[in-house]
Structures are given as C-alpha cells and as structure tokens.
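The structure appears below as structure tokens.
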Amino acid sequence: SEEKIKPIIKIIDDEHIFFEEQIKLSEWISKYYLCSQGEALFTMLPSGKRESSFSSLSFEEDEKTFTQKILSEEQKKAIDEILNPENKKIFNYLYGPTGTGKTEVFLSCAEKVLNQDKGVIYLVPEISLTHQVIEAVIKRFGNTVAVLHSGLTGSQKLKEWMRIINREAKIVIGARSGIFAPVPNLGLIIIDEEHDGSYKSGTTPRYHARQVAMRICTDKKIPLIMGSATPSVEAWKLMKENKIQTHTLSKRLAGGAIPKVEIINLSEKSEDGRNTEGCISPKLEDEIRNTLQEKKQTILFLNRRGFSHFFKCSSCGFELKCKNCSVSLTYHKTQKKLICHYCGWQLNPPTQCPECKSLDVGYFGFGTEFIESEVKAKFPNAVVERIDTDNLSSQKELQEKLDLFRNNKIDILLGTQMVAKGLNFPNLKLVGVIMADTGLHLPDFRASERTFSLIVQVAGRAGRFFPDGKVIIQSYSPNRSPIYYACKNRIEEFYDEELQQRKILDFPPFSRLIRLVFRSPIKEASELAANSAAEILESFREKYNYDDYEILGPSECPLSKIAANYRNQIILRSDSIKTIQSVTARFIYNYKNKQGVYLEVDVDPTNLL
8 SEEKIKPIIK
18 IIDDEHIFFE
28 EQIKLSEWIS
38 KYYLCSQGEA
48 LFTMLPSGKR
58 ESSFSSLSFE
68 EDEKTFTQKI
78 LSEEQKKAID
88 EILNPENKKI
98 FNYLYGPTGT
108 GKTEVFLSCA
118 EKVLNQDKGV
128 IYLVPEISLT
138 HQVIEAVIKR
148 FGNTVAVLHS
158 GLTGSQKLKE
168 WMRIINREAK
178 IVIGARSGIF
188 APVPNLGLII
198 IDEEHDGSYK
208 SGTTPRYHAR
218 QVAMRICTDK
228 KIPLIMGSAT
238 PSVEAWKLMK
248 ENKIQTHTLS
258 KRLAGGAIPK
268 VEIINLSEKS
278 EDGRNTEGCI
288 SPKLEDEIRN
298 TLQEKKQTIL
308 FLNRRGFSHF
318 FKCSSCGFEL
328 KCKNCSVSLT
338 YHKTQKKLIC
348 HYCGWQLNPP
358 TQCPECKSLD
368 VGYFGFGTEF
378 IESEVKAKFP
388 NAVVERIDTD
398 NLSSQKELQE
408 KLDLFRNNKI
418 DILLGTQMVA
428 KGLNFPNLKL
438 VGVIMADTGL
448 HLPDFRASER
458 TFSLIVQVAG
468 RAGRFFPDGK
478 VIIQSYSPNR
488 SPIYYACKNR
498 IEEFYDEELQ
508 QRKILDFPPF
518 SRLIRLVFRS
528 PIKEASELAA
538 NSAAEILESF
548 REKYNYDDYE
558 ILGPSECPLS
568 KIAANYRNQI
578 ILRSDSIKTI
588 QSVTARFIYN
598 YKNKQGVYLE
608 VDVDPTNLL
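When we follow our numbering, the leftmost residue of the sequence shown carries the number 8, and every step to the right adds one.
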C-alpha cells in the first residue's frame, strides 16, 4: 500500500550513471559469476564520494605533438584484416614477440574507429607499469582520453565517468575495471597483454575482464583485439581452433633483433671451474661487467622480495612461519624484520631457535634485497636501483625510477615482476633472470604457464633497439619444459606440450572449474562447512539428475591459512560451465551459511592456491 512506501529523502544523481546496456551486463555478470546483481553493479560503479571540487587530470601533451609512424607491411595487413567490414570474426589476436609493434596496431585501429565517431576501451594490466602506453595514447588522442585507475580519488573517477557519458572522452584507457566504462557508441575493445593475471578480480564478483569483453563484443557485434607475446593457454587453444582470428607480427622494429639467450645450470660448476652457486653466476657477472664497459644497461629479475627467503634451525629443522598464515616469514635486512608477505605480520629476528634453543640458525634462499647488496659489492662504481613493493612508497616514485633508467641515469635495475611488464628501454642490452625456478614448484596447474610467460616477457626487454641483446637465465631445472622452451624461443612447442598435459589431466581449457573456498578463524568450522557442502553437492546428482560433473575435495587449500583465516576448498569440474554454474547456484540457495564461515565462489579460477 502507499502508506508503506518510504518517502524520497535525497536524489543522489541528477543524471543517469547507469544505462540499459549496463543493467543487462550486470544481470549477465550476476548469473555467470554467481553473485547478486547489486554486487555486480557496485563493481561497475565509480567509487568514492561525489565531492564538488575535482582535482582534474591534466594532459601535458595533445595530439598536435604526435608524429605518425610508418607502419610495416605486417602491421598494415593486421589493421586491414581486423577492421575489414566483411570480417565475420569478432575476436582477434595480435600475436608476436615483444618489440614487433603491437601497440602501434592497437593505436591505429583505435584511431580508425574514433574517426567513425565511435568509442574505444583500451585495457592494460596495471596502470603504474604501463606508463609508456598511456603516454602514447594521450600523445595520439589528447583530451579525448579518459584514464581510469585505482590511483584516482573517488571524485576524480566520477569526473572521468561523466566525461565519458557526455562524450567529452571517446577513448578510455584503464586496468581491469575499465571494461565497465559507459562508452557511448562503443566500436572497439583492446586488451593489451591478454595473458596477464591482473585481469582476473580477486574479490566478489571474481570476474575476468577478457570474459566480460567477449560478452560485450558478442552482444554489440564489434571487434575485440587481444594481444601478447605469450597468449594464455586458453586463448592459444581458441587461436589454433580458428575461433579467434590470429594476426602475427614476426619482425622486431626499431633495429632490434630477438636477443641471444644463454642458460646457466646452477647445480653445475662453470666452464672455468668457478662455482655457480649464489645469486650471480660467474657467467652473469662477466656479462654485467662487459655491458657496463660498453655503457649499456642491465636488468636483473627475481620474483621474490626480501633479503632471505626463510629462517631455519640447522639442528632441529624448525622453520619460522607466520602466526596468521601457513607461509614462511621473509627476512628484510633494511627493516631488520621477519615479515609475512600475505598479511604483513612482523617479528624481530631471533638469535636462537625458538624450538630447541640451538644457536645454529640462519637464513636460507635470497630475494631482491640480497641481490642488491651482492651486486653493489661486485660493481661498486655502478649505479644500482631496486624496484619492488618494499622500497617504493608511491606510483610516482616507481615512475621516477623507471624514467631515470630510461634516461641512462641507472646502470643496473633489479626487481620483481614489475620489471617484466611492457617496459621499453632504448639502451638496455642485458637481462639476467636470477632464478627461473621460483614459481615452478607451486601446487597450481598454471605454474608452468606463468613461469614460461614471465621468462619470455622479461627476456623480451633486452636489445629492442640493437641487434646484440643478451639474456642470461639461471636455473636449477634448465630442462623443465617452460624454462627450456622459453630459452630456446620455441613458443609453439611449449603450448603444444602444455595443452597435451592439460588434456591428460583434464584441466582447463579442456574442462571448466568453479572453486568454493570456506574460510573461518576457527579451523574446525572451516573443515565442517566444506565437508557439509560436499555432501550437499553429492546429493544433487540424484535429486536433480546431474551426472556430468566431478567434486574434487573437500581439502585444505595449498595456502591453508591466510590472515588468521583457515581455508578449505571444493573444486567442481565439468566439460560444461552451465552444468557447474547451475549446481553451484542451487548449492548457494540451499547452503545454510555456518556462523563465522565465509564462502568464496570463484568461477573459472586462475589461482588454486
């Protein structure tokens, strides 16, 4: 009745910030990713308070400063094929080694679409690490660009959102959430570095920007261009099945050539009898010295922060772990602390074993902080800088260090995966991968794919502007396929072998997964909830006549405790995503949420840790 209808207290927005298309998209997200429509809409909305005073983004350069680049024949062919009105393929993949001019193809396609008075969404993995791409977009398109990223305040995001709606901005460049930008008359979506894990959300709804982009482009019948030197295994399979049209760029531009790659087996002595143990092998040390003498630059890569990887007692084998997480604490020398990289818990380093009181204790393994100290000791006259999340206080500081390296003010740059992503340095000759094995032994079926991709990407930074670039890869497992094929630049052979392995084990892309994680501060509550859920899911087979899905688990997650929460999981597997979505939707409806237990639902998980 009318008496029960509440009065309107305040109108939040005078103008629409959601349109019919976005409402429909939120309905699809809620059904596909098994969340509420409210959660989907909340994810799509620009966050923060609507303040009246906006600190606007300013563009120092406009399109007048842009100089048109001469396109190669391969680039012209790719552009013509992608934008050909007779091309019935919506999904396109721009594939080729790093440095072959993929960005220029993206920008040329965007320009042609904008000239038709249509809009463009251009997704990049992480804004802070793709500054060069953003600069290129702004230089090309000036104030018609809107930049969406997590560094903006709520009011800045809203201002950009309104610029897009009002058609002041026609090209949106952003990270994962940029896919939800309300671009009128959208004509093209670009996903740069399609393989990158940051396109998958880690919070509800756990959407993948690629999947959302495919949905939007299918509905609107507009082209989607993905690109990478190392496509995801899922994309590679679709390319081979001709469900995604492949456009190949094979020639490095700017005078560069594919760098020479040499692998160092860390378990053997070097040719001159010197021991290869330690983080810098004799061969890598010699190459760094030669590079310094030539006044060229070096990048050293290790995907592990800190000084030492863990604290261990040699007498009883005790290893210090985080009190909140099931992981070892990492020693950080500059802070003189043992730190957990998952929850941030810290501990002063003990002088004796907390378990047996032995003094025979020490630190094992090494991280970027240790490499920094060793490199500075070996090359005291070189300018050495480290970039990782431990020694960067802001995005601005990261950009300053990268600019210093680009301007030849730094001789040796070392860091974690930050140095592997899409960076372009004219004077960089040598890349050293300190230990290629770090991610290979994780209990996750994507570990090989990630290791391969990371090595190929970081190696691709070397020698982009001259023909004698060099890459030294150090490994204890040089014959493992991701390392061996990455070093030999045998890209297709790696994907063929990886697909064969996935098919045998029935992992994606040959099956579909949904992961249910039950987390609780009480260990027994998490276990009980997972066990109870498994029984409910098993009962559905007979009750609703489901038979074509597997229940893997329940079991502890490989990382069984994070941030004081115990974690147990169930993985549903089937050839049909619709089957396990239906099963999970019924489960969520029937599941009586146990007190103190939080349920995470992850459709198409990219991480099983």
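Glycine residues also receive a C-beta, built at the ideal position from the N, C-alpha and C atoms.
Where the beta strand (DSSP E) through residue i begins and ends
i           : result
residue 320 : 317-320
residue 100 : 98-102
residue 574 : 572-581
residue 246 : Premise fails: residue 246 lies in the alpha helix (DSSP H), 240-247, not in any beta strand (DSSP E).
residue 272 : 267-272
residue 564 : 557-569
residue 447 : Neither: residue 447 is in no beta strand (DSSP E) and is coded neither H nor E.
residue 77  : Premise fails: residue 77 is in no beta strand (DSSP E) and is neither H nor E.
residue 422 : 419-422
residue 345 : 344-346
Residue i - DSSP class collapsed to helix/strand/coil
i           : result
residue 254 : strand
residue 113 : helix
residue 439 : strand
residue 373 : coil
residue 146 : helix
residue 527 : strand
residue 206 : helix
residue 468 : coil
residue 83  : helix
residue 337 : strand
residue 120 : helix
residue 60  : Because the pLDDT at residue 60 is just 33, under 50, the model does not fix this residue reliably, and the point stays unresolved.
residue 388 : coil
residue 190 : coil
residue 66  : Any reading at residue 66 must be qualified, since the residue scores a pLDDT of 42, below 50, and its modelled position is unreliable; the value itself is stated next. Coil.
residue 305 : strand
residue 393 : strand
residue 326 : strand
Nonlocal neighbours in the same chain, by C-beta distance under 7 Å from residue i, ignoring five residues either side
i           : result
residue 586 : 553, 555 and 556
residue 119 : 90
residue 465 : 308, 426, 427, 438 and 440
residue 44  : 33, 34 and 37
residue 41  : 588, 591, 592, 595, 608 and 610
Limits of the unbroken alpha helix (DSSP H) element including residue i
i           : result
residue 295 : 289-300
residue 46  : 44-51
residue 161 : 161-172
residue 30  : 27-39
residue 366 : It is not in any alpha helix (DSSP H) - residue 366 carries neither H nor E in the DSSP assignment.
residue 222 : 216-227
residue 509 : 498-512
residue 494 : 488-495
residue 593 : 584-597
Residues that DSSP places opposite residue i in a beta bridge
i           : result
residue 195 : 127
residue 402 : None; residue 402 has no bridge partner.
residue 605 : 526
residue 180 : 129 and 154
residue 233 : 100 and 198
residue 482 : 272
residue 519 : 581
Neighbour-count burial assignment, residue i, 16 or more Cβ in a 10 Å radius
i           : result
residue 574 : buried
residue 286 : buried
residue 50  : buried
residue 526 : buried
residue 146 : buried
residue 26  : exposed
residue 248 : exposed
residue 235 : buried
residue 616 : exposed
residue 363 : exposed
residue 173 : exposed
residue 603 : exposed
residue 359 : exposed
residue 15  : exposed
residue 423 : buried
Own chain residues within Cβ distance below 6 Å of residue i, not counting five before or after
i           : result
residue 650 : There is no way to answer for residue 650, as the model of the chain reaches only from 8 to 616.
residue 391 : 382, 383 and 419
residue 614 : none
residue 245 : 251
residue 502 : 243
residue 322 : 363, 365 and 367
heavy atom of the ligand GDP below 8 Å from residue i C-beta
i           : result
residue 198 : Only the bare structure without any ligand can be found here, which leaves the ligand GDP out of the picture.
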